[in-house]
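What follows is a short report on a single structure.
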Amino acid sequence: MERREVSFRIYRYNPQVDRHPFYDNFKVAAERGITVLRVLNHIKENLEPRLTFRAYCQAGICGSCAVRVNGVSKLACTTQVWDELAESGDEPILLEPLNNLEVIRDLLVDIDPLLEKLKSNSSWLTSSIPEQQMGHKEHIVSETEFEVIDSASDCILCASCYSECSMMGVNRRYISPPVLLKAFRMNNDTRETLAGERLKQVTADHGLWDCTHCYRCVEHCCKKIPIMDGIHRLREEAFERRMSGSEGARHAQVFFDDIRDNGRLKEMTLPLRTKGVAGSLAMIPLALKMAIKMRTPPLFTKKIPGIKRVRELYLRLEKLNAERQSS
Ligand code: SF4
Ligand code: SF4
Ligand code: FES
1 MERREVSFRI YRYNPQVDRH PFYDNFKVAA ERGITVLRVL NHIKENLEPR LTFRAYCQAG
61 ICGSCAVRVN GVSKLACTTQ VWDELAESGD EPILLEPLNN LEVIRDLLVD IDPLLEKLKS
121 NSSWLTSSIP EQQMGHKEHI VSETEFEVID SASDCILCAS CYSECSMMGV NRRYISPPVL
181 LKAFRMNNDT RETLAGERLK QVTADHGLWD CTHCYRCVEH CCKKIPIMDG IHRLREEAFE
241 RRMSGSEGAR HAQVFFDDIR DNGRLKEMTL PLRTKGVAGS LAMIPLALKM AIKMRTPPLF
301 TKKIPGIKRV RELYLRLEKL NAERQSS
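When we follow this note's numbering, the leftmost residue of the sequence shown carries the number 1, and every step to the right adds one.
Next up, the structure:
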């Protein structure tokens, strides 16, 4: 069995005694096939008993051991040290807590904000079976019906996507990818009765419409779940249910309308149509700054070659979508 000494650089911080976070270095004799979690356990048992991290199942099921390994959020129990050596070269393997959550101690983060968001967005199934029939009557979900939510059901709430989400990095109140994924999963379960209510919750401020489509959540999901497919479906659902009240929804609708009507965006009037008169007035200082830097969109737009084709494509897609929904 191939074996070598591997260096680890681990984030340490105990807010009760440390003024600032620092990094500790450890050397561990590791063999090929060992995981990052095995190394953490070894360090805790033999070298530094105060090292704090969270882990239970050790099998990629419970979602509790996510940390950042060489800067990327991953499950410690399924991440191979040998794979990370290829990443870090001669440098020590870097272990740090997840981003976008407060550190309780060392690699342990407080996941309460994620749990609160799950609670406030009804991330559970509200079955159509009356309570008195629960346990007496089966509610069968067919294979085809389950296929729609199969992949989303694999989410183990490890918070890796929460840590990697670019919107979470700028706004901690953002609903977050796992909560949107749960909303998609519940709303598309054939037993569910709360879909409309949940959709209202997820489309509120700091919700569904604030996603920037950066796809970082998809790239870093430890279960390879196509999270964005769920987010797109929720947006379609919001349009189908005509939930266009929020600013984000109006913004998206204006984009649709402009492409359908003109084949291109009318950026000058975008704030007025999205934010209304009061919201646009509040943007005057920003508009002035943009004008000084000559970054304002042109008053009159030039015709672009091929614009007719863009419109045709849009109308064709709209027709196909309508046919798909009616079939
Ligand atoms: S695509 Fe949306 S939810 Fe996913 S990481 Fe980017 S901003 Fe976050
Ligand atoms: S969507 Fe993926 S990365 Fe995000 S919490 Fe669920 S399993 Fe973890
Ligand atoms: S310890 Fe359960 S997923 Fe890693």
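All C-beta atoms in this analysis are idealised placements derived from N, C-alpha and C, irrespective of residue type, glycine included. Everything numeric in this text was worked out from a predicted model, so none of it was measured.
*asked:* Using the three-state DSSP reduction, which class does residue 321 fall into: helix, strand or coil?
replied: helix
*Determine the direct distance from the alpha carbon of residue 32 to that of residue 158, and round the result to whole angstroms.*
25 Å
_Quick check: what's the CA-CA separation for residue 27 versus residue 10?_
11 Å
*Go ahead and label residue 284 buried or exposed: buried means 16 or more other beta carbons lie within 10 angstroms of its beta carbon, across all protein chains shown.*
So residue 284 ends up on the exposed side.
*Just grab the DSSP bridge partners of residue 35 for me.*
80
_Using only CA atoms, which one of 121, 2 and 312 lies nearest to residue 29?_
2
*How would you write the range of the alpha helix (DSSP H) that residue 11 sits in, first residue to last?*
Residue 11 -> not in any alpha helix (DSSP H); beta strand (DSSP E) instead, spanning 3-12.
*Could you tell me if the beta carbon of residue 226 falls within a distance shorter than 7 Å of some heavy atom in ligand 2?*
Within 7 Å of the C-beta of residue 226 there is not a single heavy atom belonging to ligand 2.
_Going by beta-carbon coordinates alone, are residue 180 and residue 230 separated by less than 8 Å?_
yes
*Answer yes if the segment 156-172 comes into contact with the segment 90-105, meaning at least three C-beta pairs across the two stretches below 8 Å, and no otherwise.*
yes
*May I ask which residues mark the beginning and end of the beta strand (DSSP E) holding residue 272?*
Residue 272 -> not in any beta strand (DSSP E); alpha helix (DSSP H) instead, spanning 270-281.
*Within the present structure, is the beta-carbon of residue 74 separated from the nearest heavy atom of ligand 2 by less than 7 Å?*
no
*Does the beta carbon of residue 257 fall short of 7 Å from some heavy atom of ligand 4?*
This structure simply doesn't include ligand 4; it includes ligand 1, ligand 2 and ligand 3 instead.
*Can you tell which of 183, 136 and 8 has the C-alpha that lies nearest to the C-alpha of residue 123?*
183
*Based on the DSSP secondary-structure assignment, which residues constitute the bridge partners of residue 25?*
9
_Exposure label - residue 35; buried when at least 16 CB within 10 Å_ = buried
*At 4 residues or longer, and completely inside the segment 217-273: list those alpha helix (DSSP H) runs for me, N to C.*
227-240 and 247-262
*Reduced DSSP category for residue 73 - H, G, I as helix; E, B as strand; rest coil*: Three-state DSSP puts residue 73 in a strand.
*Can residue 223 be considered in contact with ligand 2, in the sense that its beta carbon sits closer than 7 Å to one or more heavy atoms?*
yes
_Pairwise C-alpha distance: residue 77 and residue 46_ = Distance between the alpha carbons of residue 46 and residue 77: 19 Å.
*When the Cα of residue 305 is compared with those of 315, 270 and 264, which residue comes out closest?*
Nearest option by C-alpha distance: 264.
*For residue 284, does the three-state DSSP call read helix, strand or coil?*
In this structure, residue 284 counts as helix in the three-state DSSP scheme.
*Please report the residue range of the beta strand (DSSP E) in which residue 103 lies.*
103-105
*Taking contact to mean at least 3 C-beta pairs separated by less than 8 Å, is the segment 48-57 in contact with the segment 140-147?*
no
_Straight-line gap, residue 274 to residue 108 (C-alpha atoms, nearest Å)_ = 41 Å
*So is the beta-carbon of residue 157 under 7 Å away from any non-hydrogen atom of ligand 2?*
yes
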